[in-house]
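Note sheet for the following structure.
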Amino acid sequence: MAPQQDTLQGLDSSPRTPVFSELSLADSPGAYPPLQPYSQSSTARPAAEQHSSAQQSTDEEASKRLLDVESSGKQAASGNPSSSWQGDSADQEIASSSQRENAAAASCLCNLRGWAKDEPLLAATIAGVIAGIVLGMLVRLAEPSLATIDLIGFPGELMLRLLKLLVLPLVSGSMVAGVCALRGSSGNMAHVARTTLLYYTATTVTAVILGIVLVNLFCPGRGSPFGGSNVEDCHAGAAKETSAIPQGQQPFPLQALLEVARNMFPDNIARAAVDMNILGIITVSLLFGWCLSMLGPEADSWIRGVDVFNKVISKMVTAVLWVSPVGIASLIAASICRACNLGHTLAALGLWVTTVLVGLAIFGGLVLPGVLFAVTRQSPLRALKGFSQAIVMAFGTGSSSAALPVAMDCALKMGCDDAVVKFVLPLGTTVNMNGTALYEATTVIFIAQAHGVSLGLAQTVVVACTATLAAVGAAAIPSAGLVTMLMVMQAVSLDQFASDLAVILAVDWLLDRCRTAVNLTGDVFGCLLVDHVSKHRSGEATSDAQYTQLELT
1 MAPQQDTLQG LDSSPRTPVF SELSLADSPG AYPPLQPYSQ SSTARPAAEQ HSSAQQSTDE
61 EASKRLLDVE SSGKQAASGN PSSSWQGDSA DQEIASSSQR ENAAAASCLC NLRGWAKDEP
121 LLAATIAGVI AGIVLGMLVR LAEPSLATID LIGFPGELML RLLKLLVLPL VSGSMVAGVC
181 ALRGSSGNMA HVARTTLLYY TATTVTAVIL GIVLVNLFCP GRGSPFGGSN VEDCHAGAAK
241 ETSAIPQGQQ PFPLQALLEV ARNMFPDNIA RAAVDMNILG IITVSLLFGW CLSMLGPEAD
301 SWIRGVDVFN KVISKMVTAV LWVSPVGIAS LIAASICRAC NLGHTLAALG LWVTTVLVGL
361 AIFGGLVLPG VLFAVTRQSP LRALKGFSQA IVMAFGTGSS SAALPVAMDC ALKMGCDDAV
421 VKFVLPLGTT VNMNGTALYE ATTVIFIAQA HGVSLGLAQT VVVACTATLA AVGAAAIPSA
481 GLVTMLMVMQ AVSLDQFASD LAVILAVDWL LDRCRTAVNL TGDVFGCLLV DHVSKHRSGE
541 ATSDAQYTQL ELT
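Numbering follows full-length UniProt numbering, in which position 347 of the sequence shown is assigned residue number 347; successive positions increment by one, without gaps.
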């Protein structure tokens, strides 16, 4: 026992071995095996060495696993198909891409439905155009007879008859209402009225002349692209159409102008209405409206009646336009079946659209800003920026009346006088249709070219005058220019080709919005111009009054 006690005492009294000094107190005690009793100090170092080697192997395994993870990530990034991470990430990417595509398709469908709800007439018109194209292409493959083609176009013929029915009341009512709007103008407002009418007349005539020049320059209807359903019928139709106005019967320029003047002053109102003497009807309507506005308070009931009559006719036009998609589909299908060379027809139509758009761009982007800057020295860009909301709304709705409240608000914010705004802009939506006048003159001459009809100076003058006056009578509703275009065609005996308006209607939904935006641009620029002239005149009048008062004193 003594030796053992000495040994234990020797262990207690001896200094600690280095193994305990090498272990960190911060390490977890569970990471090391429990200490076992030992009798010799030499056994401590091998245990510490074993623990150190075990920890080193654990660190090596952890490092190896980390390297494996990094290599797997690199393989997945490099597109190595052997990596499991790559497969998972690819599946997730495909799934997310599919979800994004589905969400985009659903959003597009929702936007399309919302647009169709906001613009039902436009959506129905486009649907009618598509249906007419599909039907015409399918029927054309069967080489139908002329009787079958006439049957296909019969609904469209009924629609055109309804539109022709509304020409006379629409034009006469609009003319009378427009003249009566000037009633009661006195003093400074009389000057405002004269300036407004001068501006509207000058710009509309300029637009018509520009359209006539461009359509004769581009000549989109050359080659007579509109014809029958086969080659023989095409040549026969072309010969018949070219002789619609015989060259030998073309009057001399002076005689042509005298004939235009005779038509402007008819000797019988009923005969003018029956013969569809449009110039005579317009003259009588303007004279009646001017005399009615001169009567005073006793004419109030008549003027209110004219306004109500005008609104009723506008409602009737809208009702006909609501059934027009069926007629449009019918007319387009029949026109495709009759076309001699469909490619030639489409090329001519594309060139005509380009001609109209170029004319609208020149007039709205150069002529109107040039007139505004020349008279007022105001920046056209500032004016366009100030009225941008109203112009965009006119383009979106295709109606000047719908954008009128926004235009009036923008004009007041631009600093225009309240009385000028309330007079010029409402009158402009009724009588100022610059873009419509350019469009109608261009379209009528294009249809004449497409049928090989040569319009002489007299017919060109009639087109210019009628398009100018027809633009005054066009209602401020979408596609109302279609009705007045029939009036221009009737004025030069082209109403026999009214069925060709189906081809025009195929793209009219776009051109209608473009010309409406130009119409409103002319209105708002006119408001700025008239306001500037009115304020300048008022300032001169005030200065003259002050000078006279100083002389008297």
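Using N, Cα and C, we set each Cβ at its ideal position, and we do this for glycine too.
Tell me the DSSP secondary structure of residue i in three-state form.
| i | result |
| --- | --- |
| residue 414 | coil |
| residue 534 | helix |
| residue 249 | Per-residue confidence for residue 249 stands at a pLDDT of 45, beneath the threshold of 50, marking its modelled position as unreliable; no derived number is given. |
| residue 366 | helix |
| residue 166 | coil |
| residue 144 | coil |
| residue 494 | coil |
| residue 341 | coil |
| residue 219 | coil |
| residue 455 | coil |
| residue 377 | coil |
| residue 423 | helix |
| residue 266 | coil |
| residue 544 | At residue 544 the pLDDT is 46, less than 50, meaning the model places this residue with poor confidence; the figure from the coordinates comes in the next sentence. Helix, per DSSP. |
| residue 153 | coil |
| residue 296 | coil |
| residue 50 | Residue placement at residue 50 is poorly supported in this model, since its pLDDT is 49, which falls under 50; the coordinates still yield a value, given next. If DSSP states are grouped into helix, strand and coil, residue 50 belongs with the helices. |
Looking only at its chain, what residues have a beta carbon closer than 7 Å to the beta carbon of residue i, apart from the 5 residues adjacent to it on each side?
| i | result |
| --- | --- |
| residue 149 | 229, 334, 337, 338 |
| residue 269 | 284 |
| residue 205 | 468 |
| residue 559 | The structure shown does not extend to residue 559, since the chain is modelled only from 1 through 553, so no value can be given for it. |
| residue 382 | none |
| residue 495 | 486, 489 |
| residue 520 | 390, 391, 394, 400, 403, 407 |
Kindly indicate the opening and closing residues of the alpha helix (DSSP H) around residue i.
| i | result |
| --- | --- |
| residue 324 | 300 to 338 |
| residue 272 | 269 to 274 |
| residue 137 | 120 to 141 |
| residue 449 | 434 to 450 |
| residue 389 | 388 to 397 |
| residue 280 | 278 to 293 |
Under 8 Å Cβ to Cβ from residue i, same chain only, skipping five residues before and after it: list those, please.
| i | result |
| --- | --- |
| residue 223 | 344, 348 |
| residue 534 | 188, 191, 192, 195, 417, 420 |
| residue 532 | 375, 376, 378 |
| residue 158 | 327 |
| residue 272 | 266, 280, 281, 284 |
| residue 435 | 207, 360, 363, 364, 514, 515, 516, 517, 518, 519, 522 |
| residue 357 | 511, 514 |
Would you say the beta carbon of residue i is closer than 7 Å to some non-hydrogen atom of the ligand SAH?
| i | result |
| --- | --- |
| residue 487 | Absence of the ligand SAH from the depicted structure is noted, as is the absence of any ligand whatsoever, leaving it without description. |
For residue i, I'd like the list of residues in its chain whose CB is within less than 6 Å of its CB, leaving aside the five on either flank, ordered along the chain.
| i | result |
| --- | --- |
| residue 137 | none |
The segment 486 to 502 in contact with the segment 275 to 285 per 3-pair CB rule at 8 Å: yes
The segment 122 to 134 touching the segment 314 to 329, judged by at least three CB pairs closer than 8 Å: yes
Contact the segment 367 to 377 vs the segment 464 to 472: 3+ CB pairs below 8 Å: no
Three CB pairs or more closer than 8 Å across the segment 519 to 528 and the segment 379 to 388: yes
Validate contact between the segment 390 to 397 and the segment 162 to 170 using beta carbons, cut 8 Å, 3 pairs: no
Validate contact between the segment 351 to 370 and the segment 211 to 221 using beta carbons, cut 8 Å, 3 pairs: yes
Cβ pair count under 8 Å reaching 3, the segment 290 to 310 against the segment 138 to 153: no
Inter-stretch contact (C-beta, 8 Å, three-pair minimum) for the segment 498 to 513 and the segment 439 to 458: yes
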